[in-house]
Structure formats: structure tokens, C-alpha cells
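Let me begin by presenting the structure, written as C-alpha cells, before commenting on it.
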Amino acid sequence: MVHSVELVFDPDTEAVIRDIWDALRAAGIPSQAPASRPHATLTVAERIDPAVDESLSSLTNRFPMPCTIGAPLFFGRAKAVLARLVVPTAALLDVHAEVHSRCMPHLHPGPMANALPGAWTAHVTMARRVVPAQMGQAVRIAGKPAEIKGAIVGLRRWDGDTKREFPI
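Take 1 as the starting number for the sequence shown in the working numbering and just add one per residue.
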């Protein structure tokens with residue numbers, strides 16, 4: 001499994017995202033509910049040393065940070081991931097770059113390419129394995145409301161092997 005460092009949202013933002021997940025699941029689209037917590041991944045690797053938590057702890061003063069969750073988008077085609085864009089701001093991109101820099105010594109074997117500064121797309125996953133026949137309906141469901149105004153309230157480290165989160 002993979003390990004990651006992620007942004008987490010305030011309870012109101014999480015509730016809106018969970019409502020979308022529930023609506024997707026009710027429509028027969030394989031949503032994230034109920035197994036996951038709404039988040040936006042900052043970096044991901046096969047393994048992240050827990051010592052990274054101390055290195056990242058001084059970033060907590062940057063939160064809460066306002067955010068806008070915007071348009072739906074797909075990654076892939078045949079069995080795609082449906083996500084909502086976290087609209088990039090200078091503050092968000094700065095946090096991403098800082099997390100990347102601080103995590104580098106703790107990532108084994110190193111970050112996945114799509115998590116590198118300049119290649120990263122901030123997003124919240126809504127559904128996985130969406131087939132082409134479901135895409136139109138999935139976008140109609142996941143695209144409402146058109147914008148979610150919320151807040152990023154902190155960081156967590158996710159251990160995909162143990163399925164445990166570690167708040168930072």
C-alpha cells in the first residue's frame with residue numbers, strides 16, 4: 001500500500017463532500033463512502049517514515065486556510081477516478097511545496113511523480129472505477145454544488161498498510 005501526507009477539511013466541508021459521496025453511492029457509482037475521510041493528498045510514496053510528523057508540525061500555524069472546491073474532473077478514461085478540483089491559491093501551492101521539501105528525506109523510495117511541485121493537481125476524490133457509461137451521471141451528481149467554500153484545517157499522515165491516520 002501507499003503512505004501519504006494529506007490536507008484535511010473542517011467538519012462542514014467534510015459533510016458536503018460526504019453528502020456527494022452518498023449521492024454517488026445511491027446512484028450505483030463506486031464512491032469513496034463510507035471507507036475514507038475527505039482529504040487532498042499532498043505527497044505520496046510507498047513508505048513515509050513517521051519521523052516526518054515532527055518535521056511537519058511547525059506548519060500547523062498555517063491552518064485554518066480557506067479553500068474552494070471547484071469543478072469535477074476525471075483522471076483516466078476506462079475506469080476513471082472522479083474528483084473535484086481544490087482551486088489552487090498561492091498559499092495552497094506554498095504549503096504543498098513546503099510539505100514536499102520537508103518530506104523528501106522521509107519518503108521511500110521517493111515521491112510519486114504526480115505529487116511533485118509543478119505536476120500536482122490538488123483534488124478531492126469523489127469516486128473510483130467510474131466507467132464511461134456512468135460519467136455523465138457522475139459529473140451531474142458530483143458537480144453540485146458548483147463551488148464548496150470551506151476550510152483546510154490541518155495535515156495528517158496516512159499509513160495505507162495499517163489504514164490508520166496520524167494527525168499532525
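Just so you know, even glycine gets a beta-carbon here, dropped at the ideal spot from N, CA and C.
#1: Check each candidate in Arg129, His108, Ile148, Pro30 and name the one with the smallest Cα separation from Cys67.
#2: Look at the alpha carbon of Asp12 and the alpha carbon of Arg77, and state the distance between them as a whole number of angstroms.
#3: Can you tell me which of the three DSSP states Val99 falls into?
#4: What span of residues does the alpha helix (DSSP H) with Asp161 cover, start to end?
#5: Which whole runs of the beta strand (DSSP E) in the region 35 to 119 are 3 residues long or more, in chain order?
#6: Between the Cα of His123 and the Cα atoms of Glu98, Met135, Ser55, Ile152, which residue gives the shortest distance?
#7: Short check: CB of Asp59 to CB of Val95, under 9 Å?
#8: Apply the 10 Å Cβ neighbour rule to His108 and answer buried if 16 or more other Cβ atoms are within range, or exposed otherwise.
#9: Got a sec? Which residues, its chain only, sit under 7 Å from Gly110 by beta carbon, not counting five neighbours each side?
In brief:
#1: Here residue 67 corresponds to residue number 67 of the sequence shown, with the count starting at 1. When only C-alpha atoms are compared, the closest one is Ile148.
#2: The residue you call residue 12 lines up with position 12 of the sequence shown. The residue you call residue 77 lines up with position 77 of the sequence shown. Roughly 31 Å separates the two Cα atoms.
#3: Translated into positions along the sequence shown, residue 99 becomes position 99. Three-state DSSP puts Val99 in a helix.
#4: Against the sequence shown, residue 161 aligns to sequence position 161. Taken as a continuous stretch (DSSP letters only), Asp161 belongs to no alpha helix (DSSP H), as it is neither H nor E.
#5: 39 to 45, 65 to 75, 80 to 86
#6: As a working mapping, residue 123 is identified with position 123 in the sequence shown. Minimum Cα distance to His123 is reached at Ile152.
#7: As a working mapping, residue 59 is identified with position 59 in the sequence shown. As a working mapping, residue 95 is identified with position 95 in the sequence shown. The sequence given here places Leu at residue 59; Asp does not occur at that position. Going by C-beta atoms, Leu59 is nearer than 9 Å to Val95.
#8: Position 108 of the sequence shown, counting from 1, holds the residue named residue 108. Looking at its Cβ environment, which holds fewer than 16 other Cβ atoms inside 10 Å, His108 is exposed.
#9: Here residue 110 corresponds to residue number 110 of the sequence shown, with the count starting at 1. Counting only Cβ-Cβ distances below 7 Å, and skipping sequence neighbours, we find Ala45.
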